[in-house]
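In the numbering used here, the protein residues as written are 2 to 339.
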Amino acid sequence: MGSRILTLQRQARELGRLRTGWSVPSDKPNGRPRPVKSKTWVVSSHAEHYVTAAAEAWGGTVERWQPQGAGAPQFRVITEAEQIDALLPPGDPLSQCNEMWNKGGCMRRCDGQTEQLSHQPCICMQQFGEDWHQQKKGTVCAATSRLSVVLPDMPDVGVWRAETHSFYAANEMAGTVDMVLSGTGGQGLVPVTLRIEPRTRVAGGQTKHFPVVVVEIRGITTRQALTGPLPTALALDPSGSRAVAAIEAPRPDYLARAEGALTVDDVQDVYRDAHAAGHLNDELVAALKKRADELKTEAATPEPEPDEEGAYDVEVLDDAEQSTGWPAVAPAGSGARA
């Protein structure tokens, strides 16, 4: 890999958005647009062929679409899919803030304790207490979660942003992503399913129905997700023949390979193979390091050198040793002469 500008944040290009609804104009003069919740995923992008590919994969009809505000026209499709297969990219794919927007842009952006634009304590908490999220929409911030995912079967290389303003989705989404990151360290791809799940909540004598975006691990077990970065082939095909072979294949005897290694480079090859297979643990790392140190010590031991007459130091064996069949005089190094 070539050089990079170290001060830049290298990130994949955003190809489009995954939405859980849309807005329609208000019936009232100068009224706010009315949100419409969708039971299926809505895919939008500036590139028509991206949206066309989404329609072919998940159904729906491609249409021209004008986002709210003065943004450039885009394309969108209201798909027939309640769930979409995706991949969590390397790094931390989740960004969350409590936000309040109007026509002029973002008015508040809060981390739950400090409003970051004014540097004041959380304004919603001060006004309404811990249950501020139950207040009428527009009077308090919305818990905004933005999750970047890779759609492996879509055109081009980049990420798609799934955005939700659900308070309940924010809790669950962060819990799942943070647990996965604790196992992978933000390295490698992780197969997931993004699902729109209908929920019901009863409070104050009223029943409320609402959708929640759910992120769930796809095609692998919790153990696999938490034991380190997955091999790319397994992440791309977690339920196919490659995945089955990777899961069912016997674990190689890495210790035996290390004992048979002749150089430090050979031990490093064993380390790389174990890392790629997700088999590294503290015990194996310690054993490989010990074997590498032994090989370094052996390589540092000087070979015997002959004296001025070309003879090597010799070791005289006693009668008991001679009876074993070895020569009466054995060299301390190699190439000794009698």
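For glycine and all other residues, C-beta sits at the position ideal for the given N, C-alpha and C. Quick caveat, the model's predicted, so the values are computed rather than measured.
Check, Outcome
"8 Å contact criterion, which Ala87 and Leu182 should meet: CB distance rounded", "Wrong, their Cβ atoms sit about 16 Å apart, outside the cutoff."
"Sequence-distant residues of the same chain with beta carbon closer than 6 Å to Gly159, five excluded per side", "Ala13, Arg14 and Leu16"
"Backbone secondary structure at Ile6 - three-state DSSP", "coil"
"Limits of the beta strand (DSSP E) - the one that Gln97 falls within", "Leu95 to Asn103"
"Beta-carbon proximity of Val214 to Ser149, cut-off 8 Å", "no"
"As assigned by DSSP and simplified to three states, the class of Ile1", "No statement about residue 1 is possible, as the shown extent of the chain runs from 2 to 339 and does not include it."
"Cβ-Cβ distance between Arg77 and Glu64 below 8 Å", "yes"
"Nearest candidate by alpha-carbon position, reference Arg200, set Ile6, Asn31, Ile221 and Lys38", "Lys38"
"For Ile85 and Leu19, believed in contact at Cβ under 8 Å, the rounded distance", "7 Å"
"Delimiting residues of the beta strand (DSSP E) encompassing Gln207", "Gln207 to Ile218"
"Own chain partners of Leu285 with C-beta closer than 7 Å, once the 5 adjacent residues on each side are dropped", "Tyr255 and Ala275"
"Gln225 classed as buried or exposed, judged by whether at least 16 other C-beta atoms fall within 10 angstroms", "buried"
"CA-to-CA distance, Val191 to Ala244, given in whole angstroms", "Per-residue confidence for Ala244 stands at a pLDDT of 46, beneath the threshold of 50, marking its modelled position as unreliable; the derived number appears in the next sentence. Whole-angstrom Cα-Cα distance: 13 Å."
"Status (buried if at least 16 other CB within 10 Å, exposed otherwise) for Val141", "buried"
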